[in-house]
Structure formats: structure tokens, C-alpha cells
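Going left to right, the sequence shown walks through residues -19 to -1, 1 to 187 as mature numbering (1 follows the signal peptide of the UniProt record, and there is no 0) numbers them. Here a beta-carbon is modelled for each residue, glycine too, at the ideal position from N, C-alpha and C.
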Amino acid sequence: MKRWIAGLVIGLMPLFALAANETPEQLTRKVSDDVLAIIKSNEKDPIKVRDLVDARVAPLADYTRMTALAVGRYWRTATPEQQQALTREFRTMLVRTYLSALTVYKNAEVEVKGARPGAGDDEQTVRTEVSLPGQKPIPVDFSFERARQGWKVFDISVDGISFIVNNRNQFAAVIRKDGLDGLIKQLSDRNNALRNGVQANGASAK
């Protein structure tokens, strides 16, 4: 279930409308409602949901920072081309993971519990709980940073486990074995598999 919850909250990130006059807590409330409405209205058409998400990704989460944090110390040795490829595949992985989990969450509820200061003056963490009927709520924390364009999400924690840290451990193992290009290939292969699954589900739903 925690993996499914992670899929849901990962998908929230590209939808955060970054408004200078809105706090991270307000953004989280608004986007949680929007995402759940999209899921309930389009649960049988994941391709349509993908299009709705893509139409709203102009104010993105800080994917470059997220990817750099996930890749860790190896990011500094990556070429600009490798950094671009890693960021592109990492972003795609987030969105595709969300799409693959959509059908699970048609009855999900998200309760925003409040916000607390982050590590720096320009960071905040918004605490939420995600629940399904008959299930114990799972705590989900969104880490925000204030950028020139507004607040952006750079990490999430599901039941105390950071998405960035979890991926960093996995990525490091792949890089040590196959190098940065090996990690790019693994992410690309995974994204292609998820893409084919979404297309198949979308075709069967129509």
C-alpha cells in the first residue's frame, strides 16, 4: 500500500500551481483536491489524466534539484548531457509511476495537517495524511523550497521514508555497477514499460 501511496503523492508534484501569494499549505490543499477530482472523473482513462497533468506542468517541481539529490555525489561528475537525460528520465518516472497507480486511489482522501519550518528560511514541510476506506492513514510530508517563481516541491516522505533518499540508495548501486549511462538506460527502460502499460490500459478502457 505504501508504494501505491507514493505513486499518488508523486503525481501531486507536477500539479502544484506556484503562486507567490499562496503558502505551501494552501497549495497542498488546493492541489490535493484537484488531483483527487481528476482521478475520480477519469479513473478509466489514464491517457486523458496524463494529458491533464501535462497541460499543467509549466510550474514544475524542482526536478533538476530532485534528480541531483537522488543521484548524489555522482551528479558532479555527470556531463551536461547526462544531467539533462537523468533529469528527463527522473521526471518521466515520477509522472508514469503516478499514472500506473491511478485506479487504486479513486476513493482516497488527503488531509492536510499543517506546516513546519524546513532546514532553511526558504524551506517548509507540509504534513498530510493519505487514507483509503478501512485503511490506517499514512503520513506524507511535502518538502517545499522558495524559488524566484514561487514555492516548489523538492522531496516527499512517505511514512518517514524520503523519496529522494530511497532512490539515492538504489541509484548509487546501479551507478557503481553500470555507470551513469547504465542508470539512464535503466530509467528509460522502466519508463518505456510503464508507458506501454498506460497505453494498454487506456486502450482497453475506451
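Asked	Found
Between the C-alpha atoms of Val30 and Ile20, what's the straight-line distance to the nearest angstrom?	7 Å
When the Cα of Val155 is compared with those of Ala51, Thr4, Asp14 and Lys11, which residue comes out closest?	Ala51
Given that a residue counts as buried once 16 or more other Cβ atoms are within 10 Å of its Cβ, and exposed if not, what is Val146?	exposed
Helix, strand or coil for Gln105, going by three-state DSSP, please let me know.	strand
Secondary structure at Gly115, three-state DSSP: helix, strand or coil?	coil
What does the alpha-carbon distance come out to for the pair Ser22 and Val16?	10 Å
Are three or more beta carbon pairs between the region 85 to 102 and the region 64 to 75 nearer than 8 Å?	no
If we require 3 or more residues per run, which beta strand (DSSP E) segments fall completely within the region 51 to 76?	none
Roughly how many angstroms separate the alpha carbons of Gln167 and Arg54, rounded to a whole number?	19 Å
Just how far apart, CA to CA, sit Thr60 and Asp162?	11 Å
What distance in whole Å lies between the Cβ atoms of Val107 and Asp122, which are believed to be in contact at a cut-off of 8 Å?	7 Å
Where Gly160 and Arg176 are concerned, what is the direct C-alpha to C-alpha distance, given to the nearest angstrom?	24 Å
Which of the three DSSP states, helix, strand or coil, is assigned to Gly141?	coil
Does Lys25 come out as helix, strand or coil in the three-state DSSP assignment?	coil
So, under 8 Å CB-CB, Gly95 and Glu6 are touching, yes? Tell me the CB distance rounded to an integer number of Å.	7 Å
Per DSSP, what kind of secondary structure is Glu3 in: helix, strand or coil?	coil
Please go through the same chain and pick out, in chain order, the residues whose beta-carbon is closer than 7 Å to the beta-carbon of residue 190, but skip the five residues on each side of it.	Because the chain in this structure spans residues -19 to 187, residue 190 falls outside the shown range and cannot be described.
Between Asp140 and Pro118, is the Cβ-Cβ spacing less than 7 Å?	no
Would you mind sorting Pro98 into buried or exposed? The rule is 16 or more other CB atoms within 10 Å of its CB.	exposed
What first and last residue would you give for the beta strand (DSSP E) that runs through residue 265?	Look at the range of the chain in this structure, -19 to 187, and you will see that residue 265 is not part of it.
Thinking just about the alpha-carbon of each residue, which of Leu113, Ser138, Arg69 and Ala128 is nearest to the one in Gly101?	Ala128
So, is Asn150 buried or exposed, given that buried needs 16 or more other C-beta atoms within 10 angstroms?	exposed
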